[in-house]
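Position 150, counted from 1, in the sequence shown is what the numbering used here calls 323; the numbers after and before it change by one each time, with no gaps.
Backbone N, C-alpha and C define an ideal beta-carbon position, used for all residues, glycine too.
These figures come from a predicted structure and were not determined experimentally.
Below is one structure, written out as structure tokens; comments come after it.
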Amino acid sequence: MSIVRIKDKTFETSILEREIKQRVKELAQQLSKDLEGKNPLLLCVLNGSFIFAADLMREITIPCEISFVKLASYDGITSTEKVKEIIGLNTDLTGRTVVIVEDIVDTGRTMQQMLYSLSFHNPESIHICTLFVKPEKLIVNLDVEYAAFSIPNDFIVGYGLDFDQQGRGLKDIYTLKED
Ligand code: IMP
Ligand code: MG
């Protein structure tokens, strides 16, 4: 077990690089089988999923394409709910098989908003592929078709995920230690 300090917090290893690689490979094999002949478009949601998307794409064995989006959030004018908007979508999704590649589905609100926004672009189908899902935190009804790991309700960093923009380059996943 190894420990890292990021700012004022302590994290310890919870999922090792080789376990991540193994699960990413398995997900890629499943996607390659399920979406054969569809030329899927991987839609990588920045920033958190850039490493996952790069590794996933290199394990997929069917023709596929990749595009990158970011979610901008701002305060809605009529409520305090955060409204998120997709920025950077420069690929025509009409008739496409879209695979949203996310780092983590927590409450699921981000993913729900993403699905809603993408539905206006007339894709043939949309599939959710996430590295992590926290089932205990999920508050919206989502079909998380492809998830590498279901994890407890703890805060994690590494393999693209950050704590206050730090820790994304860690090769293993680290979990916040309660002090
Ligand atoms: P949701 O809208 O609640 O599902 O939030 C998902 C977003 O919260 C993710 O895309 C991450 O950016 C962030 N997030 C949630 N849990 C964690 C975590 O454990 N570590 C790092 N980021 C997280
Ligand atoms: Mg994310």
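* Asked: Excluding the five sequence neighbours on either side, which residues of its own chain have a C-beta within less than 6 Å of the C-beta of Glu-318, listed in chain order?
  -> His-300 and Ile-301
* **Cβ contact check for the segment 262 to 282 and the segment 210 to 217: 3 or more pairs under 8 Å** => yes
* **CA-to-CA distance, Tyr-332 to Thr-228, given in whole angstroms** => Before going further, note that residue 228 is Asp rather than Thr in the sequence given. Approximately 10 Å between the Cα atoms of the pair.
* **Own chain partners of Asp-181 with C-beta closer than 6 Å, once the 5 adjacent residues on each side are dropped** => none
* At least 3 beta-carbon pairs within less than 8 Å: the segment 305 to 322 vs the segment 280 to 293 -> yes
* The beta strand (DSSP E) spanning Tyr-347 covers which residue range? -> 346 to 349
* Secondary structure of Gln-339, DSSP reduced to three states -> strand
* DSSP three-state assignment for Val-317, whether helix, strand or coil -> coil
* Asked: Apart from the five residues just before and just after Gln-286, which ones in its own chain have a Cβ nearer than 6 Å to its Cβ?
  -> Lys-257
* State the DSSP-derived secondary structure class of Lys-198, mapped to helix, strand or coil. => helix
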